[in-house]
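Notes to accompany the following structure.
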Amino acid sequence: MAGRFAAAVWEFVVGDDWRVALGTVLTLGATALIAAAGLPAWWLAPVAVLAVLYRSVRRAAAQAPAEP
Amino acid sequence: MTGTELSLVVSVFLACAVEAVEAFTIVLAMGSTRGWRSPLLGAGLAGIVLAALVATLGPALTVLPLAVLRLVVGGLLLVFGLQWLRKAILRAGGAKTLHDEELIFAREAGAAERVASAPAEGVDSYAFVIAFKAVLLEGLEVAFIALTFGANQKDVPLAAVAATAAVLAVVLIGFMVRGPLARVPENAMKFTVGVLLTSFGVFWGVEGAGASWPGGEAALPVLAVAILAAAWLMVLDLRRGRRLVLTTGGG
């Protein structure tokens, strides 16, 4: 029961590609570290998030069968 | 209404409308094959569960400190937004089949006809459970989007109104059409929601992490345009890649 609930939560939050969720967490963590050091950090998240999205899309497309 | 409030309404309305179209197709398949009473009971009960979830968690979220709320909610919106945008890009780029409501309706109606016929009296458990699950599962993500977006804007009621309006619009149009809503541009709506959720997720997540945006809130529309442009470039890249594969016959 607890295992099924955990699996449902994982599926709900993480979705099809766990790397996207991990990339999001790492990006926000790195942003917090840079900001805590007193450096400009706003630029990191847009760049990193789009890079994570692009990698995920390319991976999924490579696994998709070609359609006529 | 401010620009952020308008974005909240548009995001929640579109997200809710897309999911409502998908849930409506399944409820319609149950109702038209096994009678309306049980699927409507199932859908109604799921709607009550979702409303109770929003009403319970909404006030709890709004008491969190703003920085914590923005970091956690920004992160969640970002994860949800990227999931929506990823699927929309793959569909627009031809790497994933588009959602076909008529096909889903036919499949669900066919499955319902193969199950033992509905009882003459009482609740038809098959139709009830299928409709309940469809509405609950399709609605859960929208409930979280409405909650997180609404909590960050300190306006959960506005998000709830937008969600309710979307459901009513879909149900009204659905009963006028009396068929699956196959002509709704679901992927364009998902694309828009994905861009908006990702933009707000990045914006709030960065603020919650302790950084500040140059230009303050003026950075948000710039961010949305940049994410939209990048997402569209990814679609073009996918389409070009798939054309190359087809013309060369390679993999």
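Sequences listed follow chains Y and U, in order.
Numbering-wise (our numbering), the first sequence opens with residue 1 and increments by one.
Numbering-wise (our numbering), the second sequence opens with residue 1001 and increments by one.
Heads up, the beta-carbon is just placed ideally off N, CA and C, and yes, glycines get one too.
- For chain Y, find out if any of its Cβ atoms is closer than 8 angstroms to the Cβ of Arg-1239 of chain U; answer yes or no. Numbered from 1 along the second sequence, position 239 holds the residue referred to as residue 1239 of chain U. Cβ-Cβ to chain Y under 8 angstroms: no for Arg-1239 of chain U.
- Which word fits Arg-1243 of chain U, buried or exposed, when buried means at least 16 other C-beta atoms lie within 10 angstroms of its C-beta? Start at 1 with the first residue of the second sequence, and residue 1243 of chain U comes out as number 243. Classification for Arg-1243 of chain U: exposed.
- Query: Mind checking Leu-1066 of chain U: buried by the 16 CB within 10 Å criterion, or exposed?
  - Reply: Locating residue 1066 of chain U in the second sequence gives position 66, where the first residue counts as 1. Per the 10 Å Cβ criterion, exposed.
- Report yes or no: do the stretch 1209-1222 of chain U and the stretch 1081-1093 of chain U share at least 3 C-beta pairs separated by less than 8 angstroms? no
- Query: Does the stretch 41-54 of chain Y come within contact of the stretch 1130-1137 of chain U, defined as at least 3 CB pairs closer than 8 angstroms?
  - Reply: no
- What in chain Y is Cβ-close to Val-1202 of chain U, meaning under 7 angstroms? Indexing the second sequence from 1 puts residue 1202 of chain U at position 202. The answer, in chain order, is Ala-45, Pro-46, Val-49.
- Item | Amino acids of chain Y, ordered along the chain, whose beta-carbon sits closer than 7 angstroms to that of Ile-1089 of chain U | Your numbering for residue 1089 of chain U matches position 89 in the second sequence. Those are Val-57, listed as they occur along chain Y.
- Query: Where does Arg-1239 of chain U sit, in a helix, a strand or coil, going by DSSP?
  - Reply: The residue given as residue 1239 of chain U occupies position 239 in the second sequence. Helix.
- Just the Cα atoms here: how many angstroms apart are Asp-1155 of chain U and Gly-1241 of chain U? Translated into the one-based positions of the second sequence, residue 1155 of chain U becomes position 155. Translated into the one-based positions of the second sequence, residue 1241 of chain U becomes position 241. Rounded to the nearest angstrom, the two C-alpha atoms are 43 angstroms apart.
- Item | Residue closest to Ser-1011 of chain U, alpha-carbon to alpha-carbon, out of U:Leu-1064, U:Thr-1198, U:Met-1234 | Walking along the second sequence from the start, residue 1011 of chain U turns up at place 11. When each option's Cα is compared against that of Ser-1011 of chain U, the closest is U:Thr-1198.
- Item | Under 8 angstroms by beta carbon: chain U residues contacting Ala-37 of chain Y | Position 37 of the first sequence, counted from the first residue, corresponds to residue 37 of chain Y. By Cβ distance, chain U contributes nothing, its closest Cβ being about 10 angstroms from Ala-37 of chain Y, past 8 angstroms.
- Can you name the residues of chain Y whose CB is closer than 9 angstroms to the CB of Arg-1086 of chain U? On the second sequence, residue 1086 of chain U is found 86 positions in, with the first residue counted as 1. Neighbours of Arg-1086 of chain U on chain Y, chain order: Gly-15, Asp-16, Asp-17, Val-20, Leu-53, Ser-56, Val-57, Ala-60.
- What is the DSSP secondary structure of Glu-1121 of chain U, counted as helix, strand or coil? Position 121 of the second sequence, counting from 1, holds the residue named residue 1121 of chain U. Three-state result, Glu-1121 of chain U: coil.
- Query: Between U:Arg-1037, U:Ser-1007, U:Trp-1036, U:Phe-1024, which lies nearest to Val-1177 of chain U when the distance is taken from Cα to Cα?
  - Reply: Numbered from 1 along the second sequence, position 177 holds the residue referred to as residue 1177 of chain U. Considering only alpha carbons, the answer is U:Phe-1024.
- Query: Would a check of beta-carbon distances place Val-1018 of chain U closer than 8 angstroms to chain Y?
  - Reply: Taking the second sequence and counting its residues from 1, one reaches residue 1018 of chain U at position 18. For Val-1018 of chain U, the answer is no, since every Cβ of chain Y falls outside 8 angstroms of its Cβ.
- Message: Counting only C-beta atoms, is Gly-1205 of chain U closer than 8 angstroms to chain Y at any point?
- Response: Numbered from its first residue, the second sequence carries residue 1205 of chain U at position 205. Judged by the 8 angstroms Cβ criterion, Gly-1205 of chain U is in contact with chain Y.
- Item | Whether Leu-1215 of chain U touches Gly-1074 of chain U by CB criterion (8 angstroms) | Translated into the one-based positions of the second sequence, residue 1215 of chain U becomes position 215. Translated into the one-based positions of the second sequence, residue 1074 of chain U becomes position 74. A small fix is needed here, since residue 1215 of chain U is Gly in this sequence, not Leu. Contact flag unset, no.
- 6 angstroms Cβ shell around Ala-64 of chain Y - same chain, five flanking residues per side excluded: Taking the first sequence and counting its residues from 1, the one referred to as residue 64 of chain Y is at position 64. Cβ within range, chain order: n/a, list empty.
- Query: Nearest to Ala-1188 of chain U by CA position, among U:Leu-1090, U:Leu-1006, U:Ile-1048, is which residue?
  - Reply: Translated into the one-based positions of the second sequence, residue 1188 of chain U becomes position 188. Ala-1188 of chain U has its Cα closest to that of U:Leu-1090, out of U:Leu-1090, U:Leu-1006, U:Ile-1048.
- Query: Taking buried to mean at least 16 other C-beta atoms within 10 Å of its own C-beta, is Ile-1048 of chain U buried or exposed?
  - Reply: On the second sequence, residue 1048 of chain U is found 48 positions in, with the first residue counted as 1. Exposed is the call here.
- Cα-Cα separation between Ala-32 of chain Y and Ala-1224 of chain U, rounded to whole angstroms: Counting from 1 along the first sequence, the entry for residue 32 of chain Y is found at position 32. Counting from 1 along the second sequence, the entry for residue 1224 of chain U is found at position 224. Cα to Cα, the separation comes out at about 22 angstroms.
- Message: Since Val-20 of chain Y and Val-52 of chain Y should fall inside the 8 angstroms C-beta cutoff, what is the C-beta to C-beta distance between them, to a whole number of angstroms?
- Response: Reading the first sequence from its first residue, position 20 is the one you call residue 20 of chain Y. Reading the first sequence from its first residue, position 52 is the one you call residue 52 of chain Y. Indeed, because the Cβ distance is near 6 angstroms, the residues count as touching under 8 angstroms.
- For Trp-42 of chain Y, return the contacting residues in chain U, with the cut-off set at a CB-CB distance below 8 angstroms. By 1-based counting over the first sequence, the position of residue 42 of chain Y is 42. Ordered by position in chain U, the residues that pass the 8 angstroms Cβ test against Trp-42 of chain Y are Val-1206, Ala-1211, Ser-1212, Trp-1213, Pro-1214, Ala-1219.
- How should Val-1068 of chain U be labelled, buried or exposed, when 16 other C-beta atoms within 10 angstroms of its C-beta is the threshold for buried? Working through the second sequence from its first residue, we reach residue 1068 of chain U at position 68. It counts as exposed.
- Take every Cβ of the stretch 1120-1127 of chain U, pair it with every Cβ of the stretch 23-41 of chain Y, and state whether three or more of those distances are shorter than 8 angstroms. no
- When the Cβ atoms of the stretch 1007-1022 of chain U are set against those of the stretch 1161-1175 of chain U, are three or more pairs found closer than 8 angstroms? yes
- So, Ala-1095 of chain U versus Ala-61 of chain Y, is the Cβ gap smaller than 8 angstroms? Start at 1 with the first residue of the second sequence, and residue 1095 of chain U comes out as number 95. Start at 1 with the first residue of the first sequence, and residue 61 of chain Y comes out as number 61. Yes, Cβ-Cβ distance for Ala-1095 of chain U and Ala-61 of chain Y is below 8 angstroms.
- Task: Return helix, strand or coil for Pro-1039 of chain U, following the three-state DSSP convention.
- Result: Taking the first residue of the second sequence as position 1, residue 1039 of chain U is located at position 39. Helix.
- Item | Assigned exposure category for Phe-1175 of chain U - 16 Cβ within 10 Å defines buried | For the purposes of this step, residue 1175 of chain U is taken as the residue at position 175 of the second sequence. Classification of Phe-1175 of chain U: exposed, given that the 10 Å Cβ count is below 16.
- Item | Pairwise C-alpha distance: Ser-1125 of chain U and Thr-1033 of chain U | Numbered from its first residue, the second sequence carries residue 1033 of chain U at position 33. Numbered from its first residue, the second sequence carries residue 1125 of chain U at position 125. When rounded, the distance between both Cα atoms is 14 angstroms.
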